[in-house]
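S.K.: Every number in the numbering used here is 79 more than the matching position in the sequence shown, counting from 1.
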Amino acid sequence: MKKIQIRKNYIVKIFFNNIFATVRKIGEMKRIIIVIVLFFNLVGNAQDNSVEKNIFGIQTGFFGVWITNETRLANKFSLRSEIGMDLGLAVNYGDDVTSLLIPTIRMEPRWHYNLDKRVEKGRSIKNNSSNFLALNFIYSPDWFYISKTDNINVIKTVVIIPKWAIKRNIGNSNFNYEAGFGIGYAVYLEDYFGDNGSAAVDLHARIGYTF
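Here is the structure:
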């Protein structure tokens, strides 16, 4: 009877050890599943709170008209590129001031730093609606100009301007607006009365449509 009791106790011990081991394994599996679920939730949120992969649009403002593209570089970073016509002023030797339109090419990396906050507050980030910091590179060639005045000498220029700006979609439409401000420097690629460059200001105010 004593031996049988010992054997029974041994079997019961093994049985409970197996149960505890199974429970531990189930607990480990639950933890793994929870980690996987949390991981995919984080990935999903990161994907949701991201700039658009690739968008095209057209914009106009007080200072010209532009065809634009924004390409995603990372979740919060995009590269804005555009070609258009900028409004400028020309002064001739008689000190007469005339307006003209000149072609420009822009490349502008943007950091959309408040996408997550906008999503948390239930606000739209459609078409990259956000606040952003940017570094604007502008090239103004001397290909041609549009003006009522002839014989204007267009100076080839490269402009670099860091700026802060906002972009907002108008309602649920594809219309949007941008506004911002920056101060930088313009480098003249040819002699301009002995000057090599000057300060440059970007008063960014546009309205546009995303296709």
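By construction, the Cβ of each residue, glycine as well, lies at the ideal position given by its N, Cα and C atoms.
Kindly list the residues whose CB is nearer than 7 angstroms to the CB of VAL233, restricted to its own chain and excluding five residues on each side of it in sequence; keep chain order.
M.R.: The sequence position of residue 233 within the sequence shown is 154, counting from 1. Beyond the five residues adjoining it in sequence on each side, VAL233 comes within less than 7 angstroms, by CB distance, of ILE181, ASP221, TYR224 in the same chain, given in chain order.
S.K.: Go ahead and pull the three-state DSSP assignment for LYS205.
M.R.: Here residue 205 is taken as the residue at index 126 of the sequence shown, counted from 1. Helix, per DSSP.
S.K.: For THR289, count the other beta carbons within 10 Å of its own beta carbon; 16 or more makes it buried, fewer makes it exposed. Which is it?
M.R.: Start at 1 with the first residue of the sequence shown, and residue 289 comes out as number 210. Label assigned to THR289: buried.
S.K.: Between the segment 200 to 218 and the segment 176 to 192, are three or more C-beta pairs nearer than 8 angstroms?
M.R.: yes
S.K.: Expressed to the nearest angstrom, what Euclidean distance is found between the alpha-carbon atoms of ALA284 and GLY273?
M.R.: Residue numbering aside, residue 284 sits at position 205 when the sequence shown is read from its first letter. Residue numbering aside, residue 273 sits at position 194 when the sequence shown is read from its first letter. Roughly 32 angstroms between the two C-alpha positions.
S.K.: Which same chain residues, not among the five before or five after LEU282, have their C-beta less than 7 angstroms away from its C-beta?
M.R.: Sequence index remark: in the sequence shown, residue 282 carries index 203 (1-based). Here the set comprises PHE260.
S.K.: What residues match up with PRO220 in a beta bridge as DSSP calls it?
M.R.: Here residue 220 refers to the residue found at position 141 of the sequence shown. PRO220 is not bridged to any residue.
S.K.: Which residue or residues does DSSP assign as beta-bridge partners of ASN210?
M.R.: Locating residue 210 in the sequence shown gives position 131, where the first residue counts as 1. According to DSSP, ASN210 bridges with ILE245.
S.K.: What is the DSSP secondary structure of VAL144, counted as helix, strand or coil?
M.R.: Here the question's residue 144 lines up with position 65 in the sequence shown. VAL144 sits in a strand when the DSSP states are folded into three classes.
S.K.: Output yes or no for whether 7 angstroms exceeds the beta carbon distance between ILE146 and ILE134.
M.R.: The sequence position of residue 146 within the sequence shown is 67, counting from 1. The sequence position of residue 134 within the sequence shown is 55, counting from 1. No, Cβ-Cβ distance for ILE146 and ILE134 is not below 7 angstroms.
S.K.: For PHE211, does the count of other Cβ atoms within 10 angstroms reach 16, so buried, or fall short, so exposed?
M.R.: Locating residue 211 in the sequence shown gives position 132, counting from the first residue. Buried, since its Cβ has 16 or more Cβ neighbours within 10 Å.
S.K.: With distances taken Cα to Cα, identify the nearest neighbour of PHE156 among ILE240, LYS132, VAL144.
M.R.: Taking the sequence shown and counting its residues from 1, one reaches residue 156 at position 77. Ranking the options by Cα distance to PHE156, first place goes to LYS132.
S.K.: Using only the alpha-carbon positions, how far apart do GLY201 and LEU179 sit?
M.R.: In the sequence shown, counting from the first residue as 1, residue 201 sits at position 122. In the sequence shown, counting from the first residue as 1, residue 179 sits at position 100. In this structure, the straight-line span from the alpha carbon of GLY201 to that of LEU179 is close to 44 angstroms.
S.K.: I'd like the ranges of any beta strand (DSSP E) spanning at least 3 consecutive residues and lying wholly in the segment 150 to 194.
M.R.: The segment 150 to 194 contains these whole beta strand (DSSP E) runs: 156 to 170, 176 to 190.
S.K.: Rounded to a whole number of angstroms, what is the C-alpha to C-alpha distance between LYS227 and TYR264?
M.R.: Residue 227 sits at position 148 when you count from the first residue of the sequence shown. Residue 264 sits at position 185 when you count from the first residue of the sequence shown. Straight-line Cα distance between these residues: approximately 29 angstroms.
S.K.: From ILE286 to ALA279, what distance separates their C-alpha atoms?
M.R.: Taking the sequence shown and counting its residues from 1, the one referred to as residue 286 is at position 207. Taking the sequence shown and counting its residues from 1, the one referred to as residue 279 is at position 200. So the two alpha carbons sit approximately 22 angstroms from each other.
S.K.: By Cβ distance, which residues of its chain are closer than 8 angstroms to MET164, with the 5 residues on each side in sequence left out?
M.R.: For the purposes of this step, residue 164 is taken as the residue at position 85 of the sequence shown. For MET164, where only same-chain residues beyond five positions count, the Cβ hits under 8 angstroms are GLY143, VAL144, TRP145, LEU180, ILE181, PRO182, THR183, ILE225.
S.K.: Rounded to whole angstroms, what's the CA-CA distance from LYS196 to ILE239? Just pull it up for me.
M.R.: The count along the sequence shown starts at 1 and reaches residue 196 at position 117. The count along the sequence shown starts at 1 and reaches residue 239 at position 160. If I take the Cα positions, the gap works out to 29 angstroms.
S.K.: Quick check on VAL198: does DSSP put it in helix, strand or coil?
M.R.: The residue labelled residue 198 in the question sits at position 119 within the sequence shown. Helix, per DSSP.
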